Amino acid sequence: MQNFKAYILIFLLIPFSLFAEDGSQLWLRFPNVKNGISADKIISKGNNPTIEIAKYELTNFWQGQAVELRTDKTLKNLKDGYTIKSSSDKIIISSNKEIGLLYGVYHILQLQETKSNLENINITEKPSYDVRILNHWDNLDGTIERGYAGHSLWKWEDLPNKISPRYKEYARANASIGINSVVLNNVNASPNILRKDYLEKVKILADIFRPYGIKVYLSVNFSSPKVLDGLENSDPLNKNVQNWWKGKASEIYKLIPDFGGFLVKANSEGQPGPQDYGRTHADGANMMADALKPFGGIIMWRAFVYSPSKEDRAKQAYLEFVPLDGKFRDNVIIQIKNGPIDFQPREAFNPLFGALKKTPEMVEFQITQEYLGFSNHLVYLAPLFKENLDSDTYSFGKGSTIAKITDGTLMKNKITAISAVANIGEDTNWTGHHFAQANWYAFGRLAWNHDLSSEQIADEWIKMTFTDDQDFVKPVKEIMLSSRETAVDYMMPLGLHHIFASGHHYGPEPWGDYKNGRPDWSPVYYHKADANGVGFDRTKTGSNAVSLYFPPLNETYENIKTTPENLILWFHHVPWNYKMKDGKTLWEELCFKYDTGMKNVRDYQKTWDKLQTYVDEDRFKSVQSRLKIQAKDAVWWKDACLLYFQKFSKQPIPYDIERPVHELEDLEKIKLNMGHHN
Ligand code: GCV
45 MQNFKAYILI
55 FLLIPFSLFA
65 EDGSQLWLRF
75 PNVKNGISAD
85 KIISKGNNPT
95 IEIAKYELTN
105 FWQGQAVELR
115 TDKTLKNLKD
125 GYTIKSSSDK
135 IIISSNKEIG
145 LLYGVYHILQ
155 LQETKSNLEN
165 INITEKPSYD
175 VRILNHWDNL
185 DGTIERGYAG
195 HSLWKWEDLP
205 NKISPRYKEY
215 ARANASIGIN
225 SVVLNNVNAS
235 PNILRKDYLE
245 KVKILADIFR
255 PYGIKVYLSV
265 NFSSPKVLDG
275 LENSDPLNKN
285 VQNWWKGKAS
295 EIYKLIPDFG
305 GFLVKANSEG
315 QPGPQDYGRT
325 HADGANMMAD
335 ALKPFGGIIM
345 WRAFVYSPSK
355 EDRAKQAYLE
365 FVPLDGKFRD
375 NVIIQIKNGP
385 IDFQPREAFN
395 PLFGALKKTP
405 EMVEFQITQE
415 YLGFSNHLVY
425 LAPLFKENLD
435 SDTYSFGKGS
445 TIAKITDGTL
455 MKNKITAISA
465 VANIGEDTNW
475 TGHHFAQANW
485 YAFGRLAWNH
495 DLSSEQIADE
505 WIKMTFTDDQ
515 DFVKPVKEIM
525 LSSRETAVDY
535 MMPLGLHHIF
545 ASGHHYGPEP
555 WGDYKNGRPD
565 WSPVYYHKAD
575 ANGVGFDRTK
585 TGSNAVSLYF
595 PPLNETYENI
605 KTTPENLILW
615 FHHVPWNYKM
625 KDGKTLWEEL
635 CFKYDTGMKN
645 VRDYQKTWDK
655 LQTYVDEDRF
665 KSVQSRLKIQ
675 AKDAVWWKDA
685 CLLYFQKFSK
695 QPIPYDIERP
705 VHELEDLEKI
715 KLNMGHHN
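So the sequence shown is residues 45 to 722, counted in the working numbering.
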C-alpha cells in the first residue's frame with residue numbers, strides 16, 4: 045500500500061518535472077530534438093577540436109539535410125565569418141577559419157529552432173567587430189562586483205586541478221552567438237592575477253575555451269611590479285618596470301600562446317596608474333603595449349576616468365584623452381563607456397566617440413544591470429545598445445555613427461572591438477532573471493552584426509528560449525521592446541541621471557547629498573532641483589559640456605528647443621512650468637512619465653499571467669515573482685522622486701495620476717544593506 049501511494053505520487057509529479065525548466069540551457073534547448081543527423085551525413089575533411097564540436101552539435105541537434113563543412117582560403121575577407129549555401133542534397137558551410145564553420149553550424153541550428161525557411165539558403169556573414177568581448181568583473185575571492193546572479197563561475201580555489209563542467213557550457217553559449225573573447229577578472233584588479241599560480245589556472249580556462257574560438261584576456265593592476273615583486277615603483281618610464289612587464293608577457297605567452305591582452309582601469313576610482321608618477325595615460329598604455337606587441341597582444345585602456353574636481357564629470361574623459369590622440373601605440377584601443385557618466389538608464393552618448401581621430405576606440409556597454417534593477421527587473425537592453433551605436437557623432441560629417449567609428453568603416457582601425465560587462469554568475473540559469481539571458485544574447489548578436497534590429501534579436505531569443513508560438517512571441521516581444529523605456533520612465537525620465545541610493549545603486553535617493561563624501565557621487569549634484577526647476581545645465585551658461593560635441597550637435601543641445609526631450613534634463617536646468625511639446629508643463633510631464641513607467645510594469649504583469657500555459661511552471665513563476673518586485677519598485681521610485689521633487693515644484697501631482705502610497709519620510713529612511721562604495 046505504501047509503495048502504491050509512492051507510485052501515484054511519482055506519477056502525479058512526472059508531468060511537472062518533465063515540463064519544469066531551470067533555464068540552464070539558455071537559448072540552446074532544442075526541446076523537440078531527440079537526435080541530430082547521423083555522422084555519415086557530415087562531410088568534412090580534417091580533424092580539429094573546433095570541427096569536432098561542430099560535428100557534435102550537428103549529430104545531436106541538426107535535423108535537416110546533410111552538411112558539408114569546408115575551409116576556404118578565398119573567404120579571408122570574411123574574417124571569422126562564413127557562407128551557408130544549400131544545394132539539392134546538402135547544405136554547405138564555408139569559412140576561412142574552423143571557428144567560422146562552427147559559427148555557421150550555430151546559425152543553421154538557430155534557423156531550425158526559429159522555424160525559419162531552410163530552402164535555397166544563401167547567406168554570407170561577416171562580423172562587425174574583430175574582438176567581441178565580455179568583461180567579467182569577477183574577483184579572485186569568488187565575489188562579483190555588480191554581479192546579481194550569484195558568485196563567480198570561476199572556481200579559482202579548485203583550478204587548475206578540478207574543472208567545473210560549466211566552463212565548457214559557458215564557452216559553448218558564447219560561441220553560439222559569436223562572442224570570441226573574455227576578460228576573466230574585475231577591472232578593479234588584484235595584482236595576484238599575474239602571479240604564477242594564478243596564471244596556471246588561467247591557462248586551464250584558456251585551453252577549455254580555445255576550441256570554441258574564445259581568447260582569454262586579463263584585467264591588470266598598474267602597481268603589479270611593485271606589489272608582486274617589490275620593485276621600487278611601477279613608473280612606466282622606469283626601465284626595471286618596463287622589463288618586468290616584458291618578462292611577465294613572455295611568461296604568460298609561454299602558457300597561453302594565443303593570450304589576448306590586458307584591460308586596464310588606471311587612475312580611476314582609486315586605482316593606481318601612470319599619473320601616480322606624473323606620467324600620462326599614453327605613457328602607461330604604451331609601456332604595456334610594448335611588452336605585448338611581440339606576441340600579438342593588445343591593450344584595452346579604459347577612458348572611465350574622473351575625479352572630484354570642479355569640472356563636470358561628463359567632460360572629464362574627453363579632456364583627459366583628446367590631448368593624447370595620436371600618442372598611443374597601434375596595439376592600444378581606448379575603451380569608452382557608452383555614456384559620459386556611468387551606465388545610466390539613459391545618457392547622452394560620450395562625446396569622446398569620434399573625438400579621437402588617430403586612436404582606435406571601442407564601446408563598453410554594461411549587461412549586468414547595475415543601474416537597471418539588478419536581476420530583479422525585466423529590462424531588455426538591445427534598444428539601449430542600439431541607441432548608442434546608431435548615435436550620429438558627426439565627427440566625420442553626417443552619418444558618423446558610433447557603430448561606424450568603432451567598426452573600422454570611418455577610422456580604418458587596425459583593431460576593432462566591442463565590449464560589455466557580463467551579467468553571468470553561478471546561478472543555475474546563469475543570469476538570475478530568466479529574461480536577463482536575453483541581454484547576454486543581444487550583446488553577442490550585436491557584436492556580430494550591429495545592423496540587426498532589437499526586434500529581430502528578441503524574436504530569435506524568445507523562440508529559442510521559450511516557444512515559437514506567435515500567441516506567446518508577440519506579447520512577450522512587446523514587453524521586451526518597451527521595457528527599457530519603461531525603466532527609464534519609472535526611474536529617471538527626461539534625462540535625469542544618477543539619482544540612485546549611494547553604494548548599491550538599486551533604489552531611489554534623489555535627496556542624497558554627500559557633503560562630506562564625494563559630491564560627484566551625490567544625486568543632488570546631478571539633478572540640481574531648486575525652486576526654479578530641475579536638471580543639469582551643460583550649456584554655455586553651465587558646464588558647457590555641449591561644446592564637446594561636433595556641430596551641429598553642440599548647437600542642437602545648447603538650445604533647449606532643439607534638445608531631444610528625452611535628454612532635456614541632461615543638458616538643461618528647466619523651469620517647472622516650461623511648456624513641453626505635448627503642451628504639459630515640465631512638472632506635469634515628469635509626473636506623467638513616472639506614472640506611465642509604473643503602469644507599464646503593471647501591464648507586463650497582466651500579460652505575463654495570461655501566458656502561463658505557454659511556459660513551464662518554474663520559469664513562469666520565477667518571472668512572475670520578479671515582475672511583482674519590479675512593480676513594487678516602480679511605485680517606490682515614482683513616489684520617492686515625485687514627492688521629493690514636489691518640495692521644489694510646489695505643485696500638486698496631477699489628479700489623473702495614481703496617488704502616492706508612501707510617505708516621503710518613510711522612504712528617506714530606507715537603507716538597503718547591499719554593500720559597495722559609490
Ligand atoms: C568596476 C562604476 C561602478 C563600479 C565599477 C566602475 C568601473 O563606478 O559602480 O563598481 O567598478 O563603474 O566601471 O570601473
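Cβ coordinates follow ideal geometry from the N, Cα and C atoms, glycine included.
These figures come from a predicted structure and were not determined experimentally.
Burial state of residue i, where buried means 16 or more other Cβ atoms lie within 10 Å
i: Asn265; result: buried
i: His720; result: Confidence is the limiting factor: at His720 the pLDDT is only 49, short of 50, which leaves the residue's position unreliable, though a coordinate-based value still follows. Per the 10 Å Cβ criterion, exposed.
i: Leu639; result: One detail in the question is off: residue 639 reads as Asp in this sequence, not Leu. When all chains shown are included, Asp639 counts as buried.
i: Asn224; result: buried
i: Gly291; result: exposed
i: Thr530; result: buried
i: Asp495; result: exposed
i: Pro338; result: exposed
i: Asp84; result: exposed
i: Gly274; result: exposed
i: Gln656; result: exposed
i: Pro255; result: buried
i: Lys665; result: exposed
i: Leu281; result: exposed
i: Glu244; result: exposed
i: Thr475; result: buried
i: Lys682; result: buried
i: Asp471; result: buried
i: Phe303; result: buried
i: Gln360; result: buried
i: Asp279; result: buried
i: Ile58; result: Because Ile58 sits at a pLDDT of 43, beneath the cut-off of 50, its placement in the model cannot be relied upon, and the following sentence gives the value as read from the coordinates. Burial call: exposed.
Proximity test, residue i beta-carbon vs the ligand GCV heavy atom, cut-off 7 Å
i: Val231; result: yes
i: Phe348; result: yes
i: Asp116; result: no
i: Arg562; result: no
i: Phe312; result: In the sequence as displayed, the identity of residue 312 is Ser instead of Phe. Yes - the ligand GCV has a heavy atom lying nearer than 7 Å to the Cβ of Ser312.
i: Glu96; result: no
i: Trp345; result: no
i: Asp182; result: no
i: Arg723; result: Here the chain comprises residues numbered 45 to 722, so residue 723 is not present and cannot be evaluated.
i: Asp647; result: no
i: Glu189; result: yes
i: Glu414; result: yes
i: Asp185; result: no
i: Lys682; result: no
i: Lys206; result: no
i: Val133; result: Before going on, a small fix: residue 133 reads as Asp here, not Val. Checking the Cβ of Asp133 against the ligand GCV gives no.
i: Asp386; result: yes
i: Lys637; result: no
Host alpha helix (DSSP H) of residue i (start-end)
i: Ala110; result: It is not in any alpha helix (DSSP H) - Ala110 instead sits in the beta strand (DSSP E) that spans Ala110 to Thr115.
i: Thr530; result: Gln514 to Met535
i: Ser268; result: Ser268 to Asp273
i: Ile143; result: Glu142 to Glu157
i: Ser498; result: Ser498 to Thr509
i: Gln481; result: Gln481 to Trp492
i: Trp345; result: Not the alpha helix (DSSP H): Trp345 falls in the beta strand (DSSP E), residues Ile342 to Arg346.
i: Thr640; result: Leu630 to Lys654
i: Gln413; result: Note, Gln413: premise wrong, no alpha helix (DSSP H); not H, not E.
Unbroken beta strand (DSSP E) run spanning residue i, endpoints
i: Glu405; result: Glu405 to Gln410
i: Val308; result: Gly305 to Val308
i: Trp555; result: No beta strand (DSSP E) holds Trp555; DSSP gives it neither H nor E.
i: Val169; result: For clarity, residue 169 is Glu in the given sequence; the question names Val instead. Asn166 to Glu169 is the extent of the beta strand (DSSP E) around Glu169.
i: Arg176; result: Val175 to Asn179
i: Ala461; result: Ala461 to Val465
i: Val659; result: Taken as a continuous stretch (DSSP letters only), Val659 belongs to no beta strand (DSSP E), as it is neither H nor E.
i: Ile252; result: Run containing Ile252: none in the beta strand (DSSP E); it sits in the alpha helix (DSSP H), Lys240 to Phe253.
- Contact the stretch 198-205 vs the stretch 125-134: 3+ CB pairs below 8 Å: no
- Inter-stretch contact (C-beta, 8 Å, three-pair minimum) for the stretch 410-428 and the stretch 482-499: yes
- Touching by the beta-carbon criterion (3+ pairs, under 8 Å), the stretch 100-111 and the stretch 152-167: yes
- Report yes or no: do the stretch 181-197 and the stretch 140-148 share at least 3 C-beta pairs separated by less than 8 Å? no
- Are three or more beta carbon pairs between the stretch 232-243 and the stretch 294-310 nearer than 8 Å? yes
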